[in-house]
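J.: Encoded as structure tokens, here's the structure I'll be asking about.
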Amino acid sequence: MSRVTFSRRRVFTALGLAGVLATGTAITVAVNGPESSQAATTSAATAASDVSATRAISCDTKKGGKPFYDGPSASKKYDSRFSNSAALPRLGSYIPQGIGTWWNWSGSKNLLLVAMYHPGKNSIIVGIDPATNKVVGDVAIAPTHAGGITTAYGWAFVQGSTNGIRKYKLSTLAAAMKKSGTPYVKAVGSERKVYGASFLTSYGDSLWAGKFNDKGRDKMYEYKIKPNGTLVTVNRAWEIPTKTQGLLVTKGHFIFSTSYGRKNLSNLYVVKRGQPDLDKAKLSCFRAPALSEGLTEFGGRAYLVFESGSYEFRSDPNTKNVITRLHKASISSLTGLV
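According to mature numbering (1 follows the signal peptide of the UniProt record, and there is no 0), the sequence shown holds residues -22 to -1, 1 to 316 in order.
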């Protein structure tokens, strides 16, 4: 995927951000950062323009003490809920994006799958055992931004193009994951065209996928998963927060990871399911460290991945938080906020 260079100028349409943050209170100003992991879909000409959501949502900005991660505290709510998990591999060559869970991939063993990319090269899927935090193996796939990955019904679903979802047979993926090196795995058939595949996840027999938008809120759709890997669209759009990079779905909640720019903190939104309009939904929002990406669930915990520890960001002093590990939190500590 081609690289896009963005202006480092940030525009604030209503408030002086530094003054607002100094109060330690919730703010509703929209921020335009210098770049995003999904920014390859956004033109350089518009990246530096004013950003203002149609309707603003207040996010808790109260800081914690010294955090367990690099850089300043994102928020007390984040610091009191999340902790370090597995180290992310291959950060010197790849940028992590999506994360998913593969239950019983080898007997009773499970994997966290982290999808990573490098512009102009094949992307990779890395398997991490959540019981040991050790890397089991990795495989190569055709180039993609790798914004989302999930498994269901014997298939792995991965972002292909900006508006496409690929599928891979888990049996083929398992055999390749057990081999030495980084064997190449080919997708089955052509990608499924969708409204947006910037992020994706699954819950039960449903896959959810949506479109990243740094200018305002956008949409995601639900797709019913058939045993043969076919995705059937449910004709109902769900509003999603501005700059959504990742999603975790539970029985009663959506948890969104949103970020844009290495200088800017991320947000986590916990939204009660049932209402497609965010302004009518019950929700809670709080700050997270910079450059958050995908989310997944395993063992009652949410696992969150960051791109900030990769070669693209870690040596830049402008990167607010350099994070080289997964972070985890109990699902109940998040859903309990709403």
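Just so you know, even glycine gets a beta-carbon here, dropped at the ideal spot from N, CA and C.
By alpha-carbon positions, which one of N242, A280, T313 ends up nearest to C263?
T.: T313
J.: Apply the 10 Å Cβ neighbour rule to K260 and answer buried if 16 or more other Cβ atoms are within range, or exposed otherwise.
T.: exposed
J.: Could you give the first and the last residue of the continuous beta strand (DSSP E) run that contains Y181?
T.: Its beta strand (DSSP E) spans residues 177 to 181.
J.: Say whether the region 298 to 315 touches the region 114 to 124, bearing in mind that this needs 3 or more beta-carbon pairs closer than 8 Å, one atom from each stretch.
T.: no
J.: CB-CB under 6 Å to A165, same chain, minus the five flanking residues each way: which ones, in chain order?
T.: R144, Y146
J.: How about K41 and K55: are their beta carbons less than 8 Å apart?
T.: no
J.: Short of 6 Å in beta carbon distance, which residues of its chain neighbour F60, apart from the five on each side in sequence? Order them along the chain.
T.: H305, A307
J.: Using DSSP's beta-bridge definition, name the partner residues of N245.
T.: Bridge partners of N245: T236, R265.
J.: Whole angstroms is fine: what's the gap from N88's alpha carbon to A64's?
T.: One C-alpha to the other measures close to 14 Å.
J.: When the Cα atoms are used, what is the spatial distance from M155 to D257?
T.: 43 Å
J.: Tell me the start and end of each unbroken alpha helix (DSSP H) in the region 149 to 226 that is at least 4 residues and wholly inside, in chain order.
T.: Along the length of the region 149 to 226, whole alpha helix (DSSP H) runs at least 4 residues long do not occur.
J.: Reducing DSSP to helix, strand and coil, say where D57 ends up.
T.: helix
J.: Which term fits Q16, buried or exposed, when burial requires 16 or more other beta carbons within 10 angstroms of its beta carbon?
T.: With a pLDDT of only 46 at Q16, under the threshold of 50, the placement of this residue in the model should not be trusted, and no figure is reported.
J.: Can you name, in chain order, every residue of its own chain whose Cβ lies under 6 Å from the Cβ of T19, other than the five neighbours on each side?
T.: Confidence in T19 is poor, its pLDDT being 39 and thus under 50, which makes the residue's placement unreliable; the coordinate value appears in the next sentence. T140.
J.: Just to check my reading of the structure: T160 and G138 have Cβ atoms closer than 8 Å, yes? What is that Cβ distance to the nearest angstrom?
T.: Rounded, the Cβ-Cβ distance is 19 Å, inconsistent with contact.
J.: Would G70 be called buried (16 or more neighbouring beta carbons within 10 Å of its own) or exposed?
T.: exposed
J.: Return the bridge partner residues of residue 319 from the DSSP annotation.
T.: As shown, the chain starts at -22 and ends at 316. That puts residue 319 outside it, with no answer to give.
J.: Quick one: measure Cβ to Cβ for Y95 and Q75, integer angstroms, because I've assumed they're closer than 8 Å.
T.: 6 Å
J.: I believe F276 touches L90 by the beta-carbon criterion, under 8 Å. Please report the beta-carbon distance rounded to the nearest angstrom.
T.: That pair is a contact at about 6 Å.
J.: Does the separation of the CB atoms of L178 and F232 fall below 8 Å?
T.: no
J.: I'd like the span of the beta strand (DSSP E) that includes T129, first residue to last.
T.: 127 to 130
J.: What are the partner residues of F135, as DSSP defines its beta bridges?
T.: When DSSP reads this structure, F135 sits in a beta bridge with T128, K145.
J.: Determine the extent of the beta strand (DSSP E) in which N82 is found, giving its start and end residues.
T.: 73 to 84
J.: From T129, I77, L246, pick the residue whose C-alpha is nearest to that of Y281; which is it?
T.: I77
J.: Buried or exposed: R279, going by 16 or more other Cβ atoms within 10 Å of its Cβ?
T.: buried
J.: DSSP three-state call for L312: helix, strand or coil?
T.: It is helical.
J.: When we look at the beta-carbon of R214 and count the other beta-carbons within 10 Å, is it buried (16 or more) or exposed?
T.: The residue in question, R214, is exposed, as its Cβ has fewer than 16 Cβ neighbours within 10 Å.
J.: Out of curiosity, what's the CA-to-CA distance linking Y131 and V210?
T.: 14 Å
J.: Which residues bound the beta strand (DSSP E) around L282?
T.: 279 to 284
J.: Got a sec, what are the start and stop residues for the beta strand (DSSP E) G287 sits in?
T.: If you look at G287, you'll find it isn't in any beta strand (DSSP E); DSSP assigns it neither H nor E.
J.: How many angstroms separate the CA atom of A187 from the CA atom of G105?
T.: 22 Å
J.: Going by DSSP, which residues form a beta bridge with Y95?
T.: I73
J.: With DSSP as the reference, label I119 as helix, strand or coil.
T.: strand
J.: Put G49 into one of helix, strand or coil per three-state DSSP.
T.: coil
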